[in-house]
Structures are given as C-alpha cells and as structure tokens.
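Trainee: The following block contains the structure, expressed as structure tokens.
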Amino acid sequence: CTPELFQRGYRPKKAPAPGTFARLRNAPDMSLQGVPILKLYLIPTCPFVQRVLIAMHLRGISKDTLENVEIDLSHPPQAMLAISPSGSVPTIEIEPENGFNESLLIMEFLDSLKSGGAKLFGESPLTVAQRKMLLERGNAQFLGALQQILYSQGNMNALRKAFRAFADGCGWLEAELKR
Numbered sequence: 064c065t066p067e068l069f070q071r072g073y074r075p076k077k078a079p080a081p082g083t084f085a086r087l088r089n090a091p092d093m094s095l096q097g098v099p100i101l102k103l104y105l106i107p108t109c110p111f112v113q114r115v116l117i118a119m120h121l122r123g124i125s126k127d128t129l130e131n132v133e134i135d136l137s138h139p140p141q142a143m144l145a146i147s148p149s150g151s152v153p154t155i156e157i158e159p160e161n162g163f164n165e166s167l168l169i170m171e172f173l174d175s176l177k178s179g180g181a182k183l184f185g186e187s188p189l190t191v192a193q194r195k196m197l198l199e200r201g202n203a204q205f206l207g208a209l210q211q212i213l214y215s216q217g218n219m220n221a222l223r224k225a226f227r228a229f230a231d232g233c234g235w236l237e238a239e240l241k242r
C-alpha cells in the first residue's frame with residue numbers, strides 16, 4: 064500500500080496500541096543471533112499487510128517479538144522512510160536503516176525464523192516452489208479484486224465487477240486446494 068492509495072481517499076481504521084518492543088535474542092520462541100529488534104510498519108487494512116500478519120500468526124510469531132507499528136501514510140515515520148523511500152507498507156525494520164518493504168520478501172524472512180508454527184512454504188525445495196507458484200497465481204486472482212474494491216469509491220458497477228472477480232478467485236482457490 065502506497066501514499067497514492069491514501070490520496071485516492073483510503074483511510075486506515077484505528078488499531079490498538081502496538082505491542083511491546085522486544086529484543087529477539089531474549090524471545091523464547093525465536094532464534095536470531097545478531098538481529099536485535101524487529102518492527103513492522105503497517106496500516107491494518109492493507110491486503111499486503113494482512114498477508115504478512117497472517118504469516119506471523121501461522122508461524123507463531125507474536126507481536127512481542129515483532130512490534131507492529133501502525134502508521135499514517137500521509138506522514139510516515141522517518142525511520143520507515145530510511146528503509147522504504149516510497150513510503151509503502153508493509154515495511155520491516157531489522158535494525159535502524161536496515162530492512163525491506165515487499166510483503167512476499169517479509170513472508171520469506173518470517174518463514175526462515177525458528178518459531179513454533181509450521182513453515183509457510185514447506186520443507187522440501189519442490190514444495191517451496193509449488194507453494195510459491197500457488198501464491199503468485201493467488202496474487203493475480205485476489206489482490207487485483209481487493210484493490211478494485213478499495214478503489215471503487217462507491218461506484219456500484221466497479222464494486223460488482225470486483226466482487227465477481229473475487230468470487231472467481233475463491234472458486235479457483237477451492238479447485239486448487241482440492242488437487
């Protein structure tokens with residue numbers, strides 16, 4: 064999600080206060096020597112942020128381990144801009160001025176951490192490749208429809224088209240998961 068989305072009239076809903084800022088080396092379910100602190104800059108209703116939050120949940124990574132920092136896209140924090148000059152979210156800060164901002168990269172990073180949950184992409188190279196391919200196809204099916212819903216701004220024709228595309232994506236996903 065970018066500042067352009069914000070300019071089109073999108074406003075994030077208010078989220079609860081961020082979790083406790085914790086050092087990973089002291090977290091009981093993580094093993095990351097040399098990575099002292101993680102922050103995830105986000106707006107809670109962004110679909111790219113949502114998939115990172117789902118990945119955190121599935122991997123068993125708590126908000127005490129990875130602090131969620133809700134931002135205002137029209138005034139992003141300087142620490143985030145040092146990592147993501149475009150101001151897009153989600154952005155993960157591994158240490159000051161060091162991190163990245165693509166949701167799939169963040170998910171891969173989370174998948175590499177030692178945690179209580181199962182691996183998102185699997186253990187074998189073949190399973191990892193198959194799941195990443197499914198994810199890419201899912202992106203094409205769902206994210207476009209979700210963006211159309213966000214951008215519809217009350218236009219009922221655009222909204223109906225977006226919901227049809229989303230329903231088609233659900234049908235595609237159901238068929239893929241049965242295979």
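Going by this note's numbering, the sequence shown opens with residue 64, and the numbers climb by one from there. All C-beta atoms in this analysis are idealised placements derived from N, C-alpha and C, irrespective of residue type, glycine included. This structure is a prediction, so every number in the text was calculated from the model and none was measured.
Is the separation between the beta-carbon of Leu105 and that of Asn131 shorter than 8 Å?
Mentor: yes
Trainee: State the Cα-Cα distance for the pair Pro139 and Gly150, rounded to the nearest angstrom.
Mentor: Between Pro139 and Gly150, the C-alpha separation is close to 7 Å.
Trainee: For a test of the three-state rule: what should DSSP assign to Asn220, helix, strand or coil?
Mentor: helix
Trainee: Where does Asn202 fall in DSSP's three states?
Mentor: If DSSP states are grouped into helix, strand and coil, Asn202 belongs with the helices.
Trainee: Pick helix, strand or coil for Leu189, following the three-state DSSP scheme.
Mentor: Under the three-state reduction of DSSP output, Leu189 falls in the helix class.
Trainee: Quick check on the burial criterion: 16 or more other C-beta atoms within 10 angstroms. Buried or exposed for Leu240?
Mentor: exposed
Trainee: Between the segment 158–168 and the segment 106–115, do at least 3 Cβ pairs fall closer than 8 Å?
Mentor: yes
Trainee: Could you tell me the distance, in whole angstroms, from the CA atom of Gln193 to the CA atom of Ser125?
Mentor: 27 Å
Trainee: Please list, in chain order, all residues of the same chain as Arg122 whose beta carbon is under 6 Å from its beta carbon, the five residues on each side excluded.
Mentor: Leu173, Ser178, Gly180
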